[in-house]
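Before any comments, here is the structure.
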Amino acid sequence: MKRKVDFLLIGTGVAPLLAAQRLNARGETVAILNPDSDFFLENSELPLDLMSFESANTDLGRRFSNNLPEQVYRDLIPEFPGALEIAKEEDHRKTVDDYRVEGAPWIRSRHRLWVAPERGPSRERMEMLYLRSLDLGVKPQWLEGVSLAKRFPGFSMKNIEARGLDTWVGFVGPRLGDIDVARYRTGLLEFVRERLGRENVLTSVHLLNSDQRGIRFQGQGGLPTTIEIGRSVLYFWTPKLERMLRQNLEKYHPRAIRGFNESAMLQNWEEWDLLSRDPVNPFVVAHLESLRIWAYGEGPPPPAGWNQIKVMRRENSGKWMGEQSFQEISRLVFQFMGWDRFTLRKMTPRTLYRWNQTTPIEYDADGIRTLIIPACDGPTHWIASQVRIAIEGV
Numbered sequence: 002m003k004r005k006v007d008f009l010l011i012g013t014g015v016a017p018l019l020a021a022q023r024l025n026a027r028g029e030t031v032a033i034l035n036p037d038s039d040f041f042l043e044n045s046e047l048p049l050d051l052m053s054f055e056s057a058n059t060d061l062g063r064r065f066s067n068n069l070p071e072q073v074y075r076d077l078i079p080e081f082p083g084a085l086e087i088a089k090e091e092d093h094r095k096t097v098d099d100y101r102v103e104g105a106p107w108i109r110s111r112h113r114l115w116v117a118p119e120r121g122p123s124r125e126r127m128e129m130l131y132l133r134s135l136d137l138g139v140k141p142q143w144l145e146g147v148s149l150a151k152r153f154p155g156f157s158m159k160n161i162e163a164r165g166l167d168t169w170v171g172f173v174g175p176r177l178g179d180i181d182v183a184r185y186r187t188g189l190l191e192f193v194r195e196r197l198g199r200e201n202v203l204t205s206v207h208l209l210n211s212d213q214r215g216i217r218f219q220g221q222g223g224l225p226t227t228i229e230i231g232r233s234v235l236y237f238w239t240p241k242l243e244r245m246l247r248q249n250l251e252k253y254h255p256r257a258i259r260g261f262n263e264s265a266m267l268q269n270w271e272e273w274d275l276l277s278r279d280p281v282n283p284f285v286v287a288h289l290e291s292l293r294i295w296a297y298g299e300g301p302p303p304p305a306g307w308n309q310i311k312v313m314r315r316e317n318s319g320k321w322m323g324e325q326s327f328q329e330i331s332r333l334v335f336q337f338m339g340w341d342r343f344t345l346r347k348m349t350p351r352t353l354y355r356w357n358q359t360t361p362i363e364y365d366a367d368g369i370r371t372l373i374i375p376a377c378d379g380p381t382h383w384i385a386s387q388v389r390i391a392i393e394g395v
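Structural data, given as structure tokens:
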């Protein structure tokens, strides 16, 4: 079977869907091939920027401004086929707005809270971040001991005198945005399938090869198919596709391998889902050394908050759920939050890149113009922005 399109998009996750939306709006014919069995099985999108400030050279002002709720909205709305809503703490006490779309993806506006022990290297890094925030005029609020701990999501007053909270310091920073990833991805996928036709949005494809006629592959039914390319093939680089794309670069553009190795650093994270007996403050995201903690749920937060807590833990040893993992989670839950026990729903390993260079890689593959679009994993609104910039150049 043979077909022809202007652009063939190959990738998993939300990036090829965003690109298809933009190209289709330009009047181009588009098809999407996904080697995975499901678009979001890799789960390479994040609701928010985890903000690991490894370098004092980080452009902090730009980092904050890129994550403001209004900027998250501007990054995500152009390709989304519907409404996006914003939830702010000051609006929580107002009466219900009849004009809000409750089933839409919601952008939550939450304060960032940084916490560290009174002594140690993490205290020094946090204090530097506080001083830089002061210079930027974002008005951070310095807190210590119990007054700091009370702002923490999931905090309990139980046995507070014996928990040593007076040895912790931190500050409340600006309010930044995060998105309902599941709602955003699902709504976008359903619309793209309807717009392009299900025959042009395929999963579980394999044995992809290129020749001067186009791209050959086999689908779920096992029948070989060739798609002729009118203009370009676009690959979207996420960890799931790394092996395939390295093989392509070694064959067609080996000099680009070194550039990729220098521009992307792999990060491993553990995503822990905990249940709280009491509702959790839904308007704070806490940073406690290697941990990121926030209340989790879809849509606008209920009046009392959610009972689910999301904990993202940076894993540097390469061993999932090791002794260090449980030590850090236990300290968080028992010492800092003051729980007497906790319920773990699941732990999901997450592998993401930290990108330093986001320029598309272009090469000729047997007469076919081919581009690899990097930075297609991480915070969802960053992916949307990167894809939009890349598509404007093709």
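Sequential numbering from 2 applies to the sequence shown in our numbering. For every residue, glycine included, the Cβ atom is placed at its ideal position computed from N, Cα and C.
Excluding sequence positions up to five before and after Val286, its CB lies within less than 6 Å of the CB of Arg111, Arg113, Trp295, all in the same chain and listed in chain order.
Looking at Gly14, Arg120, Thr30, Leu19, the one whose alpha-carbon comes closest to that of Ile230 is Thr30.
Per DSSP, reduced to three states, the secondary structure at Ser123 is helical. Using a Cβ-Cβ distance cut-off of 8 Å, the segment 211-231 and the segment 181-190 are not in contact, since fewer than three pairs of beta carbons, one from each stretch, lie closer than that value.
Counting only runs of 4+ residues, the alpha helix (DSSP H) found wholly inside the segment 23-83 occupies 61-67, 70-77, in chain order.
Listed in chain order, the alpha helix (DSSP H) runs fully inside the segment 124-207 are 146-150, 182-197, counting runs of at least 4 residues.
Taking 9 Å as the cut-off, the Cβ atoms of Ile392 and Arg23 count as close. Residues Phe54, Leu130, Arg133, Ser134, Leu137 of the same chain have their beta carbon placed closer than 8 Å to that of Leu61, with the five preceding and five following residues left out of the count. With distances taken between CA atoms, Val388 lies nearest to Asp76 out of Arg194, Asp76, Arg27, Tyr354. Look at the beta carbons and you see the segment 141-161 not touching the segment 192-205: under three pairs across the two are nearer than 8 Å. Residue pairing by DSSP places Ala117 opposite Val170 in a beta bridge.
The alpha carbon of Phe81 has as its nearest neighbour, out of Ala20, Ile310, Val139, the alpha carbon of Ala20. At the C-beta level, Leu18 and Ser233 stay beyond 9 Å of one another.
According to the DSSP secondary-structure assignment, Ala296 is paired through a beta bridge with Ile310. Bounds of any alpha helix (DSSP H) do not take in Gly215; it lies within the beta strand (DSSP E) bounded by 215-219. Of the residues assessed, Ala376 falls on the buried side of the cut-off, its CB having 16 or more other CB atoms within 10 angstroms.
Between Thr187 and the set Arg64, Leu42, Ala26, Ala88, the nearest pair of CA atoms involves Leu42.
DSSP places Gln328 inside the alpha helix (DSSP H), whose first and last residues are 324-331. The Cβ-Cβ distance between Phe327 and Val116 does not fall below 9 Å.
Secondary structure of Trp383 (DSSP, three-state): helix. With a cutoff of 9 Å on beta-carbon distance, Met127 and Val193 are scored as not near each other.
Here the segment 117-125 does not lie against the segment 302-312, with fewer than 3 beta-carbon pairs under 8 Å apart.
Each of Arg196, His288, Thr13 was checked against the Cα of Arg124, and the nearest Cα belongs to His288. In this structure Phe343 is in contact with Leu275, their Cβ atoms being roughly 6 Å apart against a cut-off of 8 Å.
Within 10 angstroms of the beta-carbon of Ser318 lie fewer than 16 other beta-carbons, which makes it exposed. When DSSP reads this structure, Lys347 sits in a beta bridge with Asp274. Linking Leu189 to Val15 through their CA atoms gives a straight-line distance of about 8 Å. With contacts defined as CB atoms closer than 9 Å, Val102 and Ala88 fail to qualify as a contacting pair.
The C-beta distance from Tyr253 to Asp365 rounds to 7 Å, short enough to meet the 8 Å contact threshold. The alpha carbon of Arg315 has as its nearest neighbour, out of Lys151, Phe65, Gln325, Gly198, the alpha carbon of Gln325. Three or more beta-carbon pairs drawn from the segment 352-362 and the segment 259-272 are found closer than 8 Å, and the two stretches are therefore classed as touching. The C-beta of Glu251 has fewer than 16 other C-beta atoms within 10 Å across all chains shown, which makes the residue exposed. Taken through DSSP and simplified to helix, strand or coil, Lys89 comes out as coil. For Leu51, the CB contacts under 7 Å within the same chain, skipping 5 residues up- and downstream, are Arg293, Met313 in chain order. In its chain, beyond the 5 residues on either side, Pro280, Val281, Asn282, Pro283, Ala296 have a beta carbon closer than 7 Å to the beta carbon of Gly306. Annotation for Ala150: Phe156, Leu166 place their beta carbon closer than 6 Å to its own, counting only its chain and skipping 5 residues before and after.
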